[in-house]
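All remarks here apply to the structure that follows.
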Amino acid sequence: MVDQTEFRQLEAAETTVPRSAYVHIPFCRRRCYYCDFPIAVLGDRATNGRSSIMEGYIEQLCREIEATPAWGHPLETVSFGGGTPSLLPVPQLERILNTLDRHFGIAAGAEISMEVDPDTFSAAQLLGYKHAGVNRVSLGAQAFQDELLKVCGRSHSSDDIFAAVELIRQVGIPNFSLDLISGLPHQTLNQWQASLETAVKIAPAHLSCYDLMIEPVTAFGRQYQPGENPLPTDETTTQMYKLAGQIIARAGYEHYEICNYAQPGYQSRHNRIYWENRPYYGFGMGAASYVQRQRFTRPRTRKDYYAWVQQFQEAGGAIDCSEISATEVLLETLMLGLRLADGISLSWIRQQFGEATLKRIWTCLQTYYQQGWVELMGVDEKRVESLPAEGRLRLSDPEGFLFSNVVLAALFSQFEED
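FYI, in this note's numbering the residues of the sequence shown are 449 to 866.
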């Protein structure tokens, strides 16, 4: 068991103050068939109706930001996710950023990132976002085959993807990411290879390649069973994962996280906050936050979120939830940190959680180390007979990443009774 008192004392030496904020913009034209995110579908509402809904939401969002205790450090990253943030009018984005800056401060050189979808923004709109402070965009392409985009319920075509890339270049935002999804219904290995090759020809600064997850509450969840036709087999999705690594690496990208690749200097600073298990603010409908060792997720509907904001203000910005335990911090750190190619520092684990905990981790991972799924960085592995004092623990690429759930399940089982 991880000693709670010892952990608190050690943790006090580390920064626990959030320097990042996630802002949820829930609006979408329609719900994609794989999506289980908290969104508000605008559909065919008239412009005035859409504007009124958005303005009402931004009002509540800014009220939440202003009621949140500020801990005295400016934000170093801000990420707008959704939903489809690129449906947001520029003045409303400016209002959110101005509210964040007044209340917390936004550091010079902060990464301000925004998810955008093809065919949802103009050059003038994107330029407005840039002038407001956005310096990184993440373009949701998902596939370059129109038939697959239709299968997914996407509201854009492949031509719209190329047009969106051109607008991003025209406006001058070099730090842009492209998202792709593998394992889609009816998707073949050849189609996936074509999408990868098209993506590296576009040459974004960053690429994210996610494997489709079938969530029960989605349209896909009602239509398909994992592992059954028309979904690709596990063997095919494994080939897709390995193919992505090969094609993207040949194009000069670094595979720095299980699903993410970056050109030198373009890793996602905001997402590394999550993977390094550092604290962050969350704002908006369904947004999660991690502040003062409290994890909290806001209500997923606008009605319930608006009611919660009212209660949050009346409570003076206090959130009624328990601190997570030292063991939970340990398991979250392992689960998130082992997603990174850098892995986790052995000396940091020892310092934070103690020698006994580190030995338990190492004992649990011996089988996977022998299989080649777990590696030690910064040490001579040929001479490893006992646990080294320094170095980093990581999963191998690609086998360790592919079997990460197996490794993590073993670690969780090791500590589940603590």
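Every residue, glycine too, gets a C-beta built ideally from N, C-alpha and C. The structure presented is a predicted model; accordingly, all values stated were derived computationally and were not measured.
query, result
"From what residue to what residue does the beta strand (DSSP E) around His654 run?", "His654 to Asp659"
"Distance check for Lys598 and Ala591, CA to CA, integer angstroms please.", "10 Å"
"According to DSSP, is Ile621 part of a helix, a strand, or is it coil?", "coil"
"Using CA atoms only, rank isn't needed, just tell me which of Phe552, Phe475 and Ile473 is closest to Arg467.", "Phe552"
"Given Thr516, which residues of its chain have a CB within under 7 Å of its CB, disregarding the five upstream and five downstream residues?", "Tyr729 and Gly765"
"If you run the structure through DSSP and keep just helix, strand and coil, what is Glu563?", "strand"
"Rounding to the nearest angstrom, what Cα-Cα distance links Ile696 and Gln687 in this structure?", "14 Å"
"In chain order, which continuous runs of the beta strand (DSSP E) of length 3 or greater are located wholly inside the segment 699-726?", "702-705 and 708-710"
"Need the endpoints of the beta strand (DSSP E) that Glu589 sits in, please.", "Going by the sequence as given, residue 589 is Ala instead of Glu. Ala589 -> beta strand (DSSP E) spans Arg584 to Gln590."
"Taking the CB atoms as reference points, tell me whether Gly581 and Ile554 lie closer together than 9 Å.", "yes"
"Starting from Thr525, trace the beta strand (DSSP E) both ways and give me its first and last residue.", "Leu523 to Gly530"
"Alpha carbon to alpha carbon, how far is Ile560 from Val854?", "35 Å"
"Given Arg498, which residues of its chain have a CB within under 6 Å of its CB, disregarding the five upstream and five downstream residues?", "Leu490"
"Using a Cβ-Cβ cutoff of less than 6 Å, which residues in the same chain neighbour Ser606 once the five nearest sequence positions on both sides are dropped?", "Phe592 and Asp594"
"Tell me which same chain residues have a C-beta within less than 7 Å of the C-beta of Val648, skipping the five on either side of it?", "Ile695, Ile696 and Ala699"
"Once DSSP output is grouped into helix, strand and coil, what is the label at Cys812?", "helix"
"In chain order, which beta strand (DSSP E) runs of at least 3 residues are fully inside the segment 736-766?", "736-739 and 742-745"
"Mind checking Thr805: buried by the 16 CB within 10 Å criterion, or exposed?", "buried"
"By Cβ distance, which residues of its chain are closer than 7 Å to Glu462, with the 5 residues on each side in sequence left out?", "A caution first: Glu462 carries a pLDDT of 46, below 50, which makes its placement in the model unreliable, though a value can still be read off. Nothing meets the Cβ criterion."
"Exposed or buried, which one is Cys510 when buried takes at least 16 other CB atoms within 10 Å?", "buried"
"Below 6 Å CB to CB, which residues in the same chain sit around Glu663 once its five sequence neighbours on both sides are set aside?", "Asp484 and Gly669"
"Do Ile501 and Gly530 have their C-beta atoms within less than 9 Å of each other?", "no"
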